[in-house]
Structure formats: C-alpha cells, structure tokens
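Have a look at the structure below before the remarks.
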Amino acid sequence: MRTRAAALCGAAAVALAGSLTAVPAEASGPHSAPTSRLAKPSWRKCGTTEYPSLQCASLKVPLDHANPDGRQVTLALSRVPHTAERFQGPLLVNPGGPGGDGLTLAGFVAATLPKGVAAQYDVIGFDPRGVGASRPALDCEPGYFGPVRPDSVPSTPEAERANLARAKSFAAACSRKHGQLLPYIDTISAAHDIEAIRQALGAQKINYFGYSYGTYLGAVYAHLYPQRVRRLVLDSIADPTDVWYTANLNQDHAFNDRHRAFMAWVAKHDARYRLGTDPERVEATWYAMRAALAEKPAGGRVGAAELEDTYLPGAYFNGFWPPLAEAFAAYVNRKNATPLVEAYMDFGAIDAADDNSYSIYAAVQCRDAFWPRDWHQWRKDNWAAYEKAPFMTWNNAWYNAPCAFWPTESLRPVNVANGKLPPVLLFQATADAATPYEGGVTMHRLLAGSSLVVEQGGGNHGITLSGNACLDKHLAAYLTDGTVPRGLGEADAACDALPEPKPPATATGAASDKAVPAPSNGSVLHGLLGFRH
2 MRTRAAALCG AAAVALAGSL TAVPAEASGP HSAPTSRLAK PSWRKCGTTE
52 YPSLQCASLK VPLDHANPDG RQVTLALSRV PHTAERFQGP LLVNPGGPGG
102 DGLTLAGFVA ATLPKGVAAQ YDVIGFDPRG VGASRPALDC EPGYFGPVRP
152 DSVPSTPEAE RANLARAKSF AAACSRKHGQ LLPYIDTISA AHDIEAIRQA
202 LGAQKINYFG YSYGTYLGAV YAHLYPQRVR RLVLDSIADP TDVWYTANLN
252 QDHAFNDRHR AFMAWVAKHD ARYRLGTDPE RVEATWYAMR AALAEKPAGG
302 RVGAAELEDT YLPGAYFNGF WPPLAEAFAA YVNRKNATPL VEAYMDFGAI
352 DAADDNSYSI YAAVQCRDAF WPRDWHQWRK DNWAAYEKAP FMTWNNAWYN
402 APCAFWPTES LRPVNVANGK LPPVLLFQAT ADAATPYEGG VTMHRLLAGS
452 SLVVEQGGGN HGITLSGNAC LDKHLAAYLT DGTVPRGLGE ADAACDALPE
502 PKPPATATGA ASDKAVPAPS NGSVLHGLLG FRH
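In structure tokens, the structure reads:
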C-alpha cells in the first residue's frame, strides 16, 4: 500500500507528455507476445526538484492483449536517458505493490546507482495499467481507509460483521465502477504491457530491476518472454509458489517477529524511551496502548486499526523506528497523543494516491490466484495465525478480505521455473517481514543459473540502493558487465546487515527533537516503495 511517507516533494508533478499509439498487426494469445507496430515514445521534460533529468511519455496498449484491435488503455512512462558512449539498453524499474507507481523510481535509481553505471542505461519507470498517471486509473471506493475503522480483531460478532460489510462493500464498488476493467488487471496482463514497452522502445532485449511484488512481475515476464531478458535483478522476493492467500498468512508471522524486534530495540534504548528494559513488558505496554485506543481513538483519528497501520512501516524499514518509538513513549509516559497522531499522518494515513494503489492491489491479487470464498476458512486460518502472531494478522486479513467476494474469476499462478535465462541476480534479507527469506531461496531454485545475495541478519524490505555498500557492489558489478557471485550452498554471497538505527541524542521533549534530518537513501527508497507489498 502506498502511504503519505511514499510521497516525495515534486513527485506528483511528474506529468505525462507525448503519446504512443499501438497499431496492431495481428492478434496475440494470452501467453504470446504482442505483435503491434509501435511508434517511438515522444519524450518531454517532466523533471522534479530531486530528479531534474526525468522525461515522460505515454503508451497505448490493448486492454486485452488477446484482442489488440479492442479497447486501449494508456501507460504512463518516465525515463532518465543514458549519457555514456556505451549504451546497454533500457533498464525498467518497478517498485512493487501491486499498485506501486514507478515514475519517480526511475529518477531515484538513476541518481543512486554509481554514475558510471547509470549513465550506460536508459532508466525507465512506468505506472502499470490502472496505476497513478496511467489511464484509466482505478479508485473503487475513495476514503475506504478513512478513520476510525472498526477494530481489526473481530473479538465480537458485531466487529466481525462490521469488517465483513466493509470488505463486501469494497468488492461491490469495484464491480460497479470498474467491472469491464477488472478481468484485465492482473500480473500476466502487466507482463504483456512490459513487452509492449520493449517494442515501443525499439530494444531487442530489456534489463529489469524489480522490488517486492515487482520480483514476481519480473519473473512472470521472464517466463513469458525469456528471449527478451538481458539482465534481471530481483530484490526482496515474493515467493512465487505462495500466490497470494498463503503468502499473506506467512507474512503475518514474519511481521510479528519484526514488530517484536522493534520492541526489543525500544527496550535496549530505555534511557531514551523510559518504557522498560524487558522487551516482553514493552510489548505488553504497546498492546495496552492499542486497547486504550480501541476505546478512545487519539485525536478522534487513531484507533486500534489505525495504530496498526502506523506501526506496520516499522516492519518494512527500521529507519522508521525512532519516530515510532517517540510517539509510543509520548503517549504512554506523558499522556501526549499529538506525536502519535502525527506519526499516523506520516506513516498510516491514506490519500487519493493510496486509494488508487489499494484498488490495484486488490484487483491484481484477487484476480491472480484462488482465494477461499468460504469465510469460515478465513476465520479458521486467521484465528490460528493470530494466536501466534497478533500484531498484524487480522489487519492483514481485512486488507485482503475483498478477495473473498471478488467479482472476477481467478487465474492460476504462473509457474516461473525457468532454465532459459542469462544469469539472474537475486537479493534477500534473512529477516525480511514483507517477503520472508524463503521466497528468495525458492526463486533461486526455480531460476536456473541465478545467484542469490543475502543480507545476513537484515530485516528491511528493499535492500539494494539503501545504504549497504556490500549489496550495492554486487548490483553495480552485475549491471556493469553481468558479473554474478557463485558460491556453494543456499546463497552465493552474503553481506552483513547495516547497524540498527540510534535514537535521537536529545532528551525526550527537547525542542531539537523536531529537527528533521536529511533523508537517507534508505528512507527515500522506502518512501517510494511504500508498504503492504
């Protein structure tokens, strides 16, 4: 899910310019390459303060790639053009989601890679079909996540009925507003769109760099078009064999472990936060705060469900731990809810872009694979998970619950096993919560000849271009000349995780607490990737 933390200054100013029109040559089947003749993109400047070299264009593609003469939809594209004499082709980048908008990510990747490496590529961002600046953009039920929502834990029949009614309402709203689009909002269609982008760019092959769900999208593209893949980088890997119901249940346990790591960090820094030195007692205090907010939402906005939304980003990126700990301590120790409301606005609140992202998230996940249609199965599975992993289990269940009532039929997940690719480079943190470590190992096994680089002990999600020089060295070598590490065993190379963040040096409540540090590459990246992948 995209959040306010994901919005960079000027990102919304990335405007579309120019257009491409597909001129179909012949029909293509659902697993065959589009065969359209495409005009070259008409690029125009659309730079932001942070990324002044960005250019934009648009591309029309068939809504249904099996019917290229039918309705067209428009994809928004961005580019940072190569500047070196040696040109290695387009490098398409994707932030995940599903539902992540990728226009600004092109600017970030081009600016953060070593200059000599980035200069050899046209770094291409794109908003997948239905996302962001692409048209039409989905928005099933604006304000769906507006506060205050029912308590996510259905401890009473009334709470369960209220949450079920919301999920059914969302699925019905999507059907009413976007019923003709929903059968074509899925990963396979998005992969065909990537092929259309390749054709429009006039490239024989593409390079691809995807984070999170973008790893599954990249693997599906490689399955459909292995002969078109030149280099493939997958970072924080979604398990392609768990698409998507089981993946979310597995995620619940990993999120709980990561939240407990945050509690242990707060306890370690008791001199700052004064919440105790025993992680279990700190955790109990957090759940007591949750119970209090369920009874009386902070500022009339942060109830129990909103508190979970606020603290979930800490499971994606530990750089968010200090401000989240400050808000926790202020509420408990000084009965001051203002920092908690501010943290909710920074990390948990939803705007119109987030409404769009969630609509796409639901549309893709619900269409991609089978979800139980019997709510009794959801209730059984999620209560079992909740007993061991209470932090986000029910919040996550309701986030995905519209899939129990989705109006389209389900596709089968793609078997991405592939022995036809050039060397592929995979990155995975061993304690990643959003895409647990096993997903990286599975993808490594399925993509013959791939190399897996692990961040040992790392718990962040999205680990390259985030400050770890060891990881970035492997990435730069691969993009420079295709070099990959080769080792024995489960992984081919390992890098130490970055040190945990440190609390601010000042005492709680000091005026200097409000000083805003310069954003690190990690915080900028995780703002772009968003949450709920």
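2 is the number of the first residue of the sequence shown in the numbering used here; add one for each residue after it.
Ideal placement from N, C-alpha and C gives every residue a C-beta, glycine not left out.
Since the model is a prediction, treat every value here as computed from it, not as a measurement.
With a threshold of 16 other beta carbon atoms within 10 Å, LYS41 falls short and is exposed. Excluding sequence positions up to five before and after ALA328, its CB lies within less than 6 angstroms of the CB of PRO340, LEU341 and ALA344, all in the same chain and listed in chain order. For the 8 angstroms CB-CB criterion, GLY144 and ASP102 do not form a contact.
Going by DSSP, VAL417 is part of no alpha helix (DSSP H) at all; its letter is neither H nor E.
If one requires a minimum length of 4 residues, the alpha helix (DSSP H) runs lying completely within the region 165–229 are 188–202 and 214–225, in chain order.
Within the region 315–355, the runs of alpha helix (DSSP H) that reach at least 4 residues and sit entirely inside it are, in chain order, 322–335 and 339–344. For secondary structure counted as the alpha helix (DSSP H) over 4 or more consecutive residues, the region 433–461 holds these complete runs in sequence order: 438–447.
Excluding the 5 residues flanking it on each side, LEU526 has same chain C-beta neighbours closer than 7 angstroms at PHE109, GLY463, LEU466 and SER467, in chain order. By the CB criterion at 8 angstroms, GLU456 and CYS404 fall outside the cutoff. Counting C-beta atoms within 10 angstroms of its own C-beta, LEU489 has fewer than 16 neighbours from the protein chains shown and is therefore classed as exposed. Approximately 4 angstroms separates the beta-carbon atoms of ALA390 and ASN257; this is inside 8 angstroms, confirming the contact.
With respect to the C-alpha of ALA58, the residue from ALA67, LEU64, GLY48 and HIS66 having the closest C-alpha is GLY48. The Cβ atoms of SER452 and VAL485 sit closer than 8 angstroms to each other.
The distance from the Cβ of PRO82 to that of GLY215 is about 22 angstroms, inconsistent with a contact at the 8 angstroms cut-off.
LEU294 and ALA305 do touch by the CB rule: their CB atoms are close to 5 angstroms apart, below 8 angstroms. Looking only at TYR226, VAL118 and ARG87, the smallest Cα-Cα distance to THR481 is reached by VAL118. DSSP assignment within the region 58–118 yields the following whole alpha helix (DSSP H) runs of 4 residues or more, N-terminal first: 104–113.
About 6 angstroms separates the Cβ atoms of ALA172 and PRO408, confirming a contact at the 8 angstroms cut-off.
PHE532 counts as buried, since no fewer than 16 other beta carbons sit within 10 angstroms of its beta carbon. Looking at the backbone, the Cα of PRO63 and that of PHE263 are separated by about 46 angstroms. For the 8 angstroms CB-CB criterion, ASP128 and LEU76 form a contact. Rounded to whole angstroms, the Cβ separation of THR188 and LEU218 is 6 angstroms, and the two are in contact under 8 angstroms. Shortest Cα-Cα distance from TRP372 to any of GLY349, THR394, GLU388 and ALA398 involves ALA398. Nearest in C-alpha terms to TYR400, of all of VAL283, GLY420 and LEU313, is LEU313.
The Cβ neighbour count for SER190, taken over all protein chains shown within 10 Å, is at least 16; the residue is labelled buried. One alpha carbon belongs to GLN228, the other to VAL94, and they sit about 19 angstroms apart. By the criterion of at least three beta-carbon pairs nearer than 8 angstroms, the region 421–439 is in contact with the region 229–237.
Look at PHE428 here: in three-state DSSP terms it is strand. VAL333 and GLY441 have their C-alpha atoms roughly 39 angstroms apart. Closest in alpha carbon position to LYS46, among ALA299, GLY483, LEU78 and ALA168, is LEU78.
Around CYS141, the same chain offers PHE171, ALA174, CYS175, LYS178, HIS179 and SER360 as residues with beta carbons nearer than 7 angstroms, after the five sequence neighbours per side are excluded. Pairing TYR362 with GLY98, the inter-Cα distance amounts to about 6 angstroms.
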